[in-house]
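The structure appears below as structure tokens.
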Ligand code: GDP
Ligand code: MG
């Protein structure tokens with residue numbers, strides 16, 4: 026042992042048994058004096074071990090270290106200035122939560138601490154079962170049970186105290202004060218550091234906290250030492266205090282205390298069992314339900330179900346309004362040009378900007394509602410409970426319950442998810458959580474599923490399909506997390522306290538601000554990244570344009586026209602029409618006076634229009650209906666009745682008109698559509714996007730992807746939503762939001778359900794958007810992890826999609 030004298034300070038709440046323990050430890054070798062300058066009694070004694078004397082000081086009993094009373098100030102100053110080698114905090118084990126408040130403050134002060142759980146006899150009598158080992162792991166301090174009056178545990182206590190004293194190890198539990206308080210601490214802390222405002226013996230985080238709590242003693246010290254900067258500092262502190270008060274509705278000092286109690290409550294909920302229920306506060310009563318071993322998880326699942334339900338049902342009407350709004354805007358802009366006029370600017374605005382950005386903004390109501398619900402759950406204190414009950418499950422995959430909230434947030438957006446990992450102290454847990462978080466299918470992927478699933482799956486399979494996609498993401502995340510934790514980030518999951526802050530009625534302002542903060546990221550993304558990318562992708566899809574189509578396509582066009590004209594002139598001659606040309610025009614366009622064509626011809630044309638009207642109405646009414654359904658049969662009956670009336674009115678013309686509508690015109694329309702497809706395909710192949718597509722085709726073909734998917738896939742890297750917008754642009758249908766039925770029909774022609782599934786699978790797993798890349802870079806403070814994540818996930822997506830497509834094709 027070295028020559029330095031060891032000295033031990035005893036702290037504890039009044040009546041915790043401190044003096045009793047002190048007497049047990051020091052026996053008769055003690056003397057009483059006063060602390061210098063104040064009339065607070067100071068007792069000092071000596072404890073001998075292995076022939077060496079150890080000085081023990083009995084500090085005044087206090088409940089807290091806030092320095093509002095003389096005793097508190099004496100205790101705190103003594104610990105900071107005299108730097109005892111170890112502080113033995115005497116805790117009344119029969120009143121654990123209240124007594125640990127002082128302990129937590131000692132931890133925060135950075136003192137080396139050993140806890141004496143005194144009065145364990147009383148605790149036992151009252152029916153408390155304390156898991157000392159667990160609590161000691163959670164709090165990262167030695168805990169020794171003692172019975173002061175009988176001298177039990179004294180030797181063990183002193184052994185541990187000496188061990189800590191000699192190792193010089195300080196307590197290192199960090200309480201996380203929640204997003205807003207932490208933000209204020211960080212801000213004040215940064216200001217302190219940047220101006221070199223330090224106080225001997227205190228760490229910056231602690232000073233920042235005390236300033237926010239308006240601790241008189243620290244204020245005095247700061248005023249004396251920081252001189253010129255003090256005013257600036259106080260202005261900053263005041264503005265942070267105002268911000269917190271507005272947002273959270275309480276004085277920051279109370280908020281800090283609440284969080285400390287939350288930390289203790291979390292630790293005790295894990296380590297303390299009572300045989301006789303002794304719950305009193307409202308928070309305790311609510312916790313009895315919300316974190317109940319049986320009810321906890323079902324309640325959580327129901328709440329989550331309600332959140333998703335709220336997001337989609339309440340979100341539906343505003344989505345329709347936004348959709349209609351963008352539709353109107355597109356039409357209004359198109360209306361500025363003459364009908365049918367070709368204009369690059371019009372195409373840019375309508376097909377590029379409105380289709381791209383509008384297709385994304387439409388999901389704003391969903392996103393805002395999801396964030397609103399999450400803000401309410403977070404601010405009320407429920408989220409901490411959700412993490413608490415998921416803790417055990419998370420341990421099974423090698424993660425901690427604290428990883429649960431970030432992963433949950435990932436269903437909204439990966440960016441807040443990655444930011445929320447800050448509460449995870451263990452670096453390995455944190456990195457694992459960050460790396461797998463994009464697999465929680467984010468809100469931006471929803472438009473992709475919402476477009477594809479209804480195109481390929483029958484109504485009754487749509488819900489299960491969406492569910493399957495989400496579950497696949499979760500399963501891969503779980504497997505990946507387990508692999509990462511057992512291969513790369515090895516090591517036991519360190520136990521730590523899951524804070525259970527008291528329940529709290531969320532303030533309207535706080536909830537709205539939290540919702541807005543996250544929703545704003547989404548909006549800003551639509552206005553910046555997505556707008557820019559949509560324009561670029563529109564340009565590379567639109568240019569260069571071919572001047573003419575190849576011979577074969579032109580010949581086909583001519584032959585389609587010829588065949589049609591032949592049929593029409595046959596009808597014309599049987600109707601004895603003077604001009605076949607104007608007859609054809611009237612037949613196709615309408616609106617032209619048919620009087621000059623003769624009575625029979627105008628009768629025929631009128632009949633054709635009526636039949637077309639009836640058929641259009643029928644297909645509108647039966648849109649999305651099954652053929653066996655009674656509504657469908659009803660519509661069919663109605664159609665036949667209308668047609669029958671027409672036939673009766675003019676049997677001779679009706680037959681010819683029906684043949685024209687159902688055979689000649691229908692065949693013609695079909696051939697023209699297929700020709701337009703060929704032309705569009707040629708135009709696309711000619712554009713830059715098409716050329717990129719053919720370059721990447723060999724790589725994409727094994728996954729079942731064609732070249733049209735290349736630029737949407739590339740666009741998805743900028744933001745997942747871009748995929749839908751760009752697919753619309755590629756398929757040149759003008760509208761590209763998720764409701765665009767024509768786009769869905771075109772997709773049906775191009776892909777099988779297996780391919781559609783593979784598209785969704787690939788987009789689910791492959792690298793997250795560029796904004797996630799940036800935030801991972803910032804949060805891990807390295808370039809390595811964002812790259813590992815981007816390439817790792819894309820590689821994984823490629824391999825898994827390859828397997829699914831190849832195996833699926835074999836089975837099909
Ligand atoms: P202090 O205020 O922290 O100094 O507490 P004291 O040492 O004065 O003790 C307060 C009361 O608790 C006294 O009546 C002690 O006899 C009693 N006491 C102290 N330790 C124990 C213990 O371990 N078990 C029981 N049952 N009583 C204790
Ligand atoms: Mg005493």
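In the numbering used here, the protein residues as written are 26 to 837.
Ideal Cβ positions, reconstructed from N, Cα and C, are used throughout, including at glycine.
If you measure from the CB of residue 43, is any heavy atom of the ligand GDP nearer than 7 Å?
-> yes
Hey, would you say the C-beta of residue 82 is under 7 Å away from at least one heavy atom of the ligand GDP?
-> The ligand GDP has no heavy atom closer than 7 Å to the beta-carbon of residue 82.
So what does DSSP say about residue 389, is it helix, strand or coil?
-> helix
Does the Cβ of residue 489 have 16 or more other Cβ atoms within 10 Å, making it buried, or fewer, making it exposed?
-> exposed
Could you please give me the residues that DSSP links to residue 76 through a beta bridge?
-> For residue 76, no pairing in a beta bridge is given by DSSP.
Taking C-alpha atoms, which residue in 65, 81, 60 lies nearest to residue 43?
-> 81
Cβ pair residue 463, residue 818 closer than 8 Å = yes
When we look at the beta-carbon of residue 167 and count the other beta-carbons within 10 Å, is it buried (16 or more) or exposed?
-> buried
Three-state secondary structure (DSSP) at residue 762?
-> Caution is warranted here: a pLDDT of 34 is assigned to residue 762, below 50, making its placement in the model unreliable, and the coordinate value is therefore given only provisionally. Three-state result, residue 762: coil.
Does the region 311-328 touch the region 533-546, meaning 3 or more C-beta pairs lie closer than 8 Å?
-> Contact check between the region 533-546 and the region 311-328: fewer than three CB pairs, one atom from each, fall below 8 Å, which does not count as touching.
Is residue 332 near the ligand GDP, in the sense that its beta carbon is under 7 Å from a heavy atom of that ligand?
-> The closest heavy atom of the ligand GDP lies 7 Å or more from the beta carbon of residue 332.
Assigned exposure category for residue 143 - 16 Cβ within 10 Å defines buried = buried
Is it the case that the CB of residue 39 approaches a heavy atom of the ligand GDP more closely than 7 Å?
-> yes
Just checking, does the region 767-774 make contact with the region 821-830 on the three C-beta pairs under 8 Å criterion?
-> no
Regarding residue 115 and the ligand GDP, is the C-beta to nearest heavy atom distance less than 7 Å?
-> yes
Report buried or exposed for residue 837, applying the criterion of at least 16 other Cβ atoms within 10 angstroms of its Cβ.
-> exposed
In terms of residue numbering, what span does the alpha helix (DSSP H) encompassing residue 189 cover?
-> 179-192
Give, in chain order, every unbroken run of the alpha helix (DSSP H) that is at least 4 residues long and sits entirely within the region 77-121.
-> 95-102
Among 149, 104, 422, 515, nearest to residue 499 - alpha-carbon criterion | 422
Out of 590, 47, 706, 823, which has the shortest C-alpha to C-alpha gap to residue 177?
-> 47
Curious, which full-length alpha helix (DSSP H) runs of at least 4 residues does the region 479-555 contain?
-> As far as the region 479-555 is concerned, its whole alpha helix (DSSP H) runs of at least 4 residues are 484-512, 533-550.
Cβ-heavy atom distance, residue 147 to the ligand GDP, below 7 Å | For residue 147, the shortest separation between its Cβ and any heavy atom of the ligand GDP lies below 7 Å.
Cα-Cα separation between residue 580 and residue 573, rounded to whole angstroms | 12 Å
Could you give the residue range of the alpha helix (DSSP H) that holds residue 286?
-> 277-296
Own chain, CB closer than 6 Å to residue 87, minus 5 neighbours either side, in chain order = 96, 97, 100.
Euclidean distance between Cα positions of residue 639 and residue 681 = 16 Å
Own chain residues within Cβ distance below 6 Å of residue 70, not counting five before or after = 51, 54, 55, 81
Residue environment, residue 264, which counts as buried when at least 16 other CB atoms sit within 10 Å = Around the beta carbon of residue 264, fewer than 16 other beta carbons lie within 10 angstroms, which makes this residue exposed.
Indicate, with yes or no, if the ligand GDP has a heavy atom lying under 7 Å from the CB of residue 183.
-> no
Residue range of the alpha helix (DSSP H) that includes residue 420 = 407-421
Hey, is residue 174 close to the ligand GDP, as in C-beta under 7 Å from one of its heavy atoms?
-> Inclusion of residue 174 in the 7 Å shell around the ligand GDP follows from its C-beta lying nearer than that to a non-hydrogen atom of the ligand.
From 657, 754, 822, residue whose alpha carbon lies closest to that of residue 376 | 754
What residue range is occupied by the uninterrupted beta strand (DSSP E) comprising residue 143?
-> Residue 143 -> beta strand (DSSP E) spans 138-143.
Do residue 171 and the ligand GDP come close, with the Cβ less than 7 Å from some heavy atom?
-> yes
If we ignore side chains and look at the alpha-carbon of each, how far apart do residue 821 and residue 648 end up?
-> 39 Å
Opposite residue 32 in the DSSP bridges: which residues?
-> 80
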